[in-house]
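Remember, this note's numbering sits 22 above the position in the sequence shown when you count from 1.
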Amino acid sequence: LSNQSTFNFLNAFVSLADRTSLLARAQSADEAQLASPHGARHGLAGKLIGIKDNICTTDLPTTAASSMLKNFMSPYDATVVKQLRGAGAIVAGKTNMDEFGMGSHSTHSAFGSVQSSRRGGEILSAGGSSGGSAVAVASAQCWAALGTDTGGSVRLPAAYTGVVGYKPSYGLLSRWGVIAYANSLDTVGIMARHVDGVKSIFEKLNVYDPQDPTSLPPSTRSHLGSSKTTTLLKIGIPLEYNISSLHPTVRKAWIQSLRHLEECGHTLHPVNLPSTQHALSAYYVLAPAEASSNLAKYDGVRYGSRAEGIDGTPSSVLFAKTRGQFLGPEVRRRILLGAFSLSAQAIDNYFIQAQKVRRLVSNDFNQVFEAPNQLVAGPSTLNSDGVDVLLCPTAPTLPPSLAEIENQEPLDAYMNDVFTVPASLAGLPAISVPVPIAKEDRNPELLEQGIRETAGMQIIGQFGDDNLVLDVARQLA
Ligand code: GLN
23 LSNQSTFNFL NAFVSLADRT SLLARAQSAD EAQLASPHGA RHGLAGKLIG IKDNICTTDL
83 PTTAASSMLK NFMSPYDATV VKQLRGAGAI VAGKTNMDEF GMGSHSTHSA FGSVQSSRRG
143 GEILSAGGSS GGSAVAVASA QCWAALGTDT GGSVRLPAAY TGVVGYKPSY GLLSRWGVIA
203 YANSLDTVGI MARHVDGVKS IFEKLNVYDP QDPTSLPPST RSHLGSSKTT TLLKIGIPLE
263 YNISSLHPTV RKAWIQSLRH LEECGHTLHP VNLPSTQHAL SAYYVLAPAE ASSNLAKYDG
323 VRYGSRAEGI DGTPSSVLFA KTRGQFLGPE VRRRILLGAF SLSAQAIDNY FIQAQKVRRL
383 VSNDFNQVFE APNQLVAGPS TLNSDGVDVL LCPTAPTLPP SLAEIENQEP LDAYMNDVFT
443 VPASLAGLPA ISVPVPIAKE DRNPELLEQG IRETAGMQII GQFGDDNLVL DVARQLA
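Structure (structure tokens):
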């Protein structure tokens with residue numbers, strides 16, 4: 023604990039573990055380490071981990087940053103928390119986030135906005151929805167953190183705060199005890215300052231969990247992952263990601279990263295992912311549709327807070343009042359959007375179309391990767407013209423200031439997810455790595471203070487190629 027602190031700086035945490043119990047746990051981790059044959063600290067023992075507040079813990083409330091779940095205490099730990107504690111890691115606290123994971127700047131929280139470091143006195147967006155986890159790691163309030171990534175919520179905050187943020191292939195990490203936003207997209211993600219930190223946590227959590235019906239069983243896991251090593255890879259450059267609104271600083275950092283990988287001996291290959299342009303619209307139909315169904319239980323009767331003074335009123339009034347009082351505007355917007363796109367009048371034109379786009383996005387990826395997708399039926403032959411991984415930016419711009427986004431329309435916030443949702447729709451492993459921006463683009467004031475400005479670069483791999491993605495990330499970092 024000596025060089026890992028826990029205090030709530032930049033509103034990164036919504037609740038903190040008790041300092042005395044932290045010290046006691048750290049001490050027992052130390053004693054266990056000393057008693058071990060090597061006597062040295064290794065693995066996750068004694069490491070402080072921040073846990074996003076939509077992941078259940080028994081010792082601290084789990085609120086998903088919503089007034090609806092204010093003071094909710096879970097009777098059990100989520101599987102991922104159990105696994106971390108089993109490895110000797112210490113839960114530092116619960117991290118701030120966008121309510122129920124819905125947002126891109128961590129400003130939609132019942133606990134107030136997460137704040138990221140200042141640029142010339144400005145407070146920046148931490149990205150969302152796992153912005154608390156990202157800032158907690160970036161500001162060294164913990165060693166690593168768990169977030170959740172449904173459409174980019176681990177990768178975007180990682181890119182905005184300069185840490186590593188990794189979304190594993192869908193179904194590898196258990197979601198048992200994770201408050202659902204959009205089940206078919208939700209994954210637990212990992213943030214740390216270095217790829218090795220992310221990897222050591224991934225290795226502990228990448229285990230089949232019979233309690234999660236979407237956890238991949240051992241029989242499927244045994245087929246996953248190519249035998250490729252990072253010696254000589256084919257790196258794909260998805261041309262559709264070079265959009266006109268890509269900020270020149272980010273484009274330059276992308277080119278620089280590609281050059282670096284080329285210098286490492288890899289070859290570069292332009293590829294096309296034509297359905298990418300429709301991915302964002304499909305995501306913002308599908309995610310709210312699943313959310314409207316998942317959040318239906320927070321009605322003041324089955325779950326959550328209840329509006330007062332309405333006993334004896336019809337249940338529809340009680341539900342509406344409760345939701346109006348305890349859910350934030352962005353969550354209410356998503357529920358309404360989702361309820362509409364699932365309604366009889368709209369389902370064919372919205373929900374079904376979006377599902378079709380989702381399939382097209384997956385097919386695009388399968389067409390450009392050399393390795394076959396092990397989840398797709400049919401002959402699993404190698405596509406010899408294909409690439410091993412894709413490299414593209416995580417977000418089109420550097421982090422905006424909180425002042426800049428204050429008066430934005432919801433659609434402007436949705437735009438930040440344009441590069442992260444495709445991998446989510448296809449369930450693919452994707453990681454955001456901070457790379458330095460060009461010297462001429464740096465803020466002179468920060469340069470003088472020795473602060474390294476970075477942009478997030480994203481590596482996306484075929485389903486199950488998680489280790490390859492992590493290895494390339496290590497070469498880039
Ligand atoms: N910003 C996206 C959304 O609001 C992604 C959120 C997430 O990945 N949890 O839906």
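Just so it is clear, CB atoms sit at the ideal spot from N, CA and C, and this is done for glycine as well. These figures come from a predicted structure and were not determined experimentally.
Within the same chain, show all residues whose beta-carbon is closer than 7 Å to that of residue i, passing over the 5 residues directly before and after it, in chain order.
i, result
"Y230", "S237, L238, P239, P240 and R243"
"S135", "N33, S128, T129 and L424"
"R474", "P458"
"L246", "Q396 and G486"
"I212", "A166, L168, Y188, V220, I223 and F224"
"S131", "A87, N118, M119, D120 and E121"
CB-CB under 6 Å to residue i, same chain, minus the five flanking residues each way: which ones, in chain order?
i, result
"T289", "K256"
"S446", "G173 and L207"
"F501", "As shown, the chain starts at 23 and ends at 499. That puts residue 501 outside it, with no answer to give."
"K226", "Q105 and A109"
"H60", "Only weak support exists for where H60 lies, its pLDDT of 49 falling under 50; the value from the coordinates is given anyway. So no residue of the chain qualifies."
"V379", "H300 and A304"
"G219", "A166"
"K221", "L492"
"K69", "A111 and W165"
"F391", "G408 and Q484"
"D333", "none"
"Q137", "L32, N33 and I145"
"V272", "P415 and A477"
"I369", "none"
"D488", "P190, S191 and P451"
When the distance is taken between beta carbons, is residue j closer than 8 Å to residue i?
i, j, result
"P415", "A477", "yes"
"N465", "N316", "no"
"V113", "D81", "yes"
"L412", "P270", "no"
"K104", "D75", "no"
"Y182", "T209", "no"
"I265", "P456", "no"
"A376", "A275", "no"
"E352", "E121", "yes"
"N118", "F133", "yes"
"V84", "K92", "Per the sequence presented here, residue 84 reads as Thr, with Val not at that position. Cβ atoms of T84 and K92: not closer than 8 Å."
"P451", "G483", "yes"
"I374", "V200", "no"
"S161", "F31", "yes"
"T170", "G123", "yes"
"L490", "S152", "no"
"V293", "V409", "yes"
"K343", "A329", "yes"
"P584", "L146", "Because the chain spans 23 through 499 in this model, residue 584 falls outside it and cannot be assessed."
"V440", "L302", "yes"
Rounded C-beta distance between residue i and residue j? I'm assuming under 8 Å.
i, j, result
"A148", "V159", "Going by Cβ atoms, the distance from A148 to V159 rounds to 11 Å, so no, they are not a contact pair."
"S89", "S327", "6 Å"
"A311", "S363", "5 Å"
"S454", "R177", "4 Å"
"M479", "S279", "5 Å"
"V307", "Y372", "5 Å"
"S126", "A499", "With 8 Å as the limit, S126 and A499 do not qualify as a contact, their Cβ atoms being about 24 Å apart."
"I155", "P179", "Residue 155 is actually Ser in this sequence, not Ile. Indeed, because the Cβ distance is near 7 Å, the residues count as touching under 8 Å."
"R354", "R345", "7 Å"
"H291", "G258", "5 Å"
"L194", "N228", "5 Å"
Excluding the five sequence neighbours on either side, which residues of its own chain have a C-beta within less than 8 Å of the C-beta of residue i, listed in chain order?
i, result
"T403", "P394"
"L254", "G287, H288 and T289"
"Q233", "T101, S196 and W198"
"I481", "V411, L412, L413, A452, I453, V455, V491, V494, A495 and L498"
"P432", "E352 and R355"
Using 7 Å as the cut-off, classify the Cβ of residue i as near or not near the heavy atoms of the ligand ATP, replying yes or no.
i, result
"A376", "Here the bound small molecules are the ligand GLN; the ligand ATP is not part of this structure."
(message) If contact is defined by three or more beta carbon pairs under 8 Å, each pair taking one atom from either stretch, is the stretch 176 to 186 in contact with the stretch 44 to 51?
(response) no
(message) Does the structure place the stretch 96 to 103 close enough to the stretch 136 to 145 that three or more beta carbon pairs sit under 8 Å?
(response) no
(message) Give the list of continuous beta strand (DSSP E) stretches no shorter than 3 residues that lie fully inside the stretch 131 to 213.
(response) 138 to 141, 144 to 146, 166 to 171 and 186 to 189
(message) Pairs of beta-carbons, one from the stretch 447 to 467 and one from the stretch 353 to 372, closer than 8 Å: are there three or more?
(response) no
(request) Please determine if the stretch 456 to 465 and the stretch 488 to 496 are in contact, where contact requires at least 3 C-beta pairs separated by less than 8 Å. (result) no
(message) When you compare the stretch 294 to 305 with the stretch 376 to 384, are there three or more beta-carbon pairs, one atom per stretch, that lie closer than 8 Å?
(response) Short answer: they touch.
(request) Return the chain-ordered ranges of every beta strand (DSSP E) run that is complete within the stretch 201 to 281 and spans a minimum of 3 residues. (result) Counting only runs of 3 or more, we get 209 to 214 and 256 to 260.
(message) Just to confirm the assignment: which complete beta strand (DSSP E) runs, minimum length 3, are found wholly within the stretch 56 to 126?
(response) 70 to 74 and 112 to 117
(message) Report the start-end ranges of each alpha helix (DSSP H) in the stretch 360 to 443 that is 4 residues or longer and not cut off at the edges.
(response) 375 to 390, 424 to 427 and 432 to 437
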